[in-house]
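>
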Amino acid sequence: MQLEEIPVIGSLLAAGADDHVFDALLVLGPVIIIAISLLGRNLASITLAVAYTVGFSIYIGYKGIR
């Protein structure tokens, strides 16, 4: 099974701008939110949220400059 064959993800990738990193970050957002809701608020979940937010921001900044 390829990533494009998954119903929701396939349509997201088809509508995207052929930027696989950005697509992956968009897909990971809800996964991280679910993980944080299951873990509760602790050091691991806060670190995960901060790492995702910083990574997303750096990537968007990088693409904006480039």
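Residues in the sequence shown are numbered from 714 upward in steps of one, following my numbering. We put the beta carbon where it would ideally sit given N, CA and C, even for glycine. Predicted, not measured: the structure shown is a model, and the values here were computed from it.
1) Would you kindly work out how many angstroms separate the C-alpha atoms of residue 720 and residue 743, rounded to a whole number?
2) Tell me which residues share the same chain as residue 773 and place their Cβ nearer than 7 Å to its Cβ, disregarding the 5 neighbours each side in the sequence.
3) With respect to the alpha helix (DSSP H) encompassing residue 736, which residues constitute its N-terminal and C-terminal limits?
Checking against the coordinates, here is how it stands:
1) 16 Å
2) none
3) 733-752
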